[in-house]
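Structure record follows, encoded as structure tokens.
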Amino acid sequence: MSTTASLESRVRVPLFGVAIDSVSFEQAVAQVHRWIAENDHQCRYVVTPNVDHIVMLQHDEALCAAYADASLVIADGWPVVTASRLLGRPLPERVAGSDLVPALFDTADRHRPLRVFLLGAAPGVARTAARNIESRWGAVEVVGEYSPPLGFEHDEGENEKILRQLQVHRPDLLVLGLGAPKQEKWVHRFHSQIPANAAVCAGATIDFLAGHKTRAPRWIQKFRLEWLHRVLSEPRRLARRYARDAWVFPRLLLRELVRSMAKR
Ligand code: UDP
């Protein structure tokens, strides 16, 4: 891993009330690998703000608290990066959680397999993802996976069951695919009891790794239209969310633009 990817001179950019790390993709990958190499089982976690998170963060205090304690906050979404540039506080690039997780697998050390636990997705999906990961990445060992039932977060028995599994396996990396804001709130509530070296709140990444959902083709991502591909692939579930975000986010951006012009 390149030493130029160090985060020592780290900068956090304030945007829409959220402090986002000004890091490149390569720096984010290197930082998570450093936590893993430290092997202190402190469970530093990564959150990945996109437009939907920014909208929720305006009124969800528990999500704000989860963000405040995150060790790495990376901009997952071109609208967030574009807004940062319009506001004169440019973030270097988009660092999507769904790209970060496979990149961590790609860069795992063959001499010290990366021990991963997958938490989330529909029943059976994490198991399929585990099989796919192990057949594709020789340096990754999926030490455990669990797709908890809906509403599990309110069931202390379920929470304890997950923590017990994590304590048994002590993974290097916990991939949380519980959707936002559940995954951020869950890891925030329990991170002091999670003996992983790092955790990534990664949305639908487990579905993608299982082949249960497909990412937008590269050319669509290049045109920054991955959001459109997602809405079209799950219109019932996502149309309302994206419609709300499309209404609220431009207003937030306008408010922030006016504020920053008033300061100049
Ligand atoms: N999910 C889950 N448990 C829940 C709610 C959701 O495991 O209680 C999973 C769901 O099956 C899917 C992922 O969380 O795999 C949510 O993906 P989504 O696209 O909503 O993630 P987002 O883009 O919101 O982060």
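If you read the sequence shown in our numbering, its first letter stands for residue 45, the second for the next number, and so on. Using N, Cα and C, we set each Cβ at its ideal position, and we do this for glycine too. As the structure is a prediction and not an experimental result, all values here were calculated from the model.
The ligand MG heavy atom lying under 7 Å from the CB of residue i
i	result
Ile118	Among the ligands present in this structure, namely the ligand UDP, the ligand MG is not found.
Bridge-paired residues (DSSP) for residue i
i	result
Ile80	None, per the DSSP bridge assignment.
Ala240	Beta-bridge pairing links Ala240 to no other residue.
Pro58	Ala63
Arg334	Outside the shown range of the chain (45 to 308) lies residue 334, about which nothing can therefore be said.
Tyr190	Leu163
Val117	Val91
Gly221	Gly164
Cys245	Leu220
Assumed close pair residue i, residue j - CB separation to whole angstroms, cut-off 8 Å
i	j	result
Val184	Leu158	5 Å
Ser66	Pro136	6 Å
Leu210	Ile238	5 Å
His213	Val231	That belief does not hold up - the Cβ atoms of His213 and Val231 are roughly 16 Å apart, past 8 Å.
Val219	Leu163	7 Å
Asn241	Asn83	6 Å
Glu228	Leu107	6 Å
Under the three-state DSSP convention, the category residue i falls into
i	result
Phe267	coil
Arg88	strand
Glu185	strand
Leu101	helix
Leu276	helix
Gly195	coil
Lys307	helix
Ala49	Because the pLDDT at Ala49 is just 47, under 50, the model does not fix this residue reliably, and the point stays unresolved.
Leu131	coil
Val139	coil
Asp150	helix
Gly255	coil
Arg214	coil
Ala260	coil
Ser68	coil
Ser179	helix
Reference residue i, options the options, closest by Cα
i	options	result
Gly168	Ser191, Arg56, Ile177 and Asp289	Ser191
Leu116	Val73, Gln209 and Glu82	Val73
Ile64	Ala109, Val125 and Trp79	Val125
Val145	Cys87, His77, Val99 and Arg208	His77
Asp251	Asn176, Asp216, Trp291 and Val91	Asn176
Leu59	Ala119, Asp216, Leu107 and His232	Ala119
Thr151	Ile80, Ala287 and Val55	Ile80
Ala39	Leu131, Arg129, Gly132 and Val90	As shown, the chain starts at 45 and ends at 308. That puts residue 39 outside it, with no answer to give.
Ala110	Tyr286, Lys257, Phe267 and Ser236	Ser236
Gly247	Leu253, Gly221 and Pro261	Gly221
Met198	Ala166, Ser68 and Lys226	The amino acid at residue 198 is misidentified as Met; the sequence shows His. Comparing Cα positions, the closest option is Lys226.
Thr92	Trp291, Ala147, Gly121 and Gln86	Gly121
Ser277	Arg259, Arg288 and Trp263	Arg259
Ala104	Ala306, Lys266, Gly61 and Arg299	Here the sequence assigns Asp to residue 104, which means Ala is not the residue at that position. Of the listed residues, the one whose Cα sits closest to Asp104 is Gly61.
Pro215	Lys205, Arg281, Phe161 and Glu178	Phe161
Arg308	Gly132, Ala127 and Val55	Gly132
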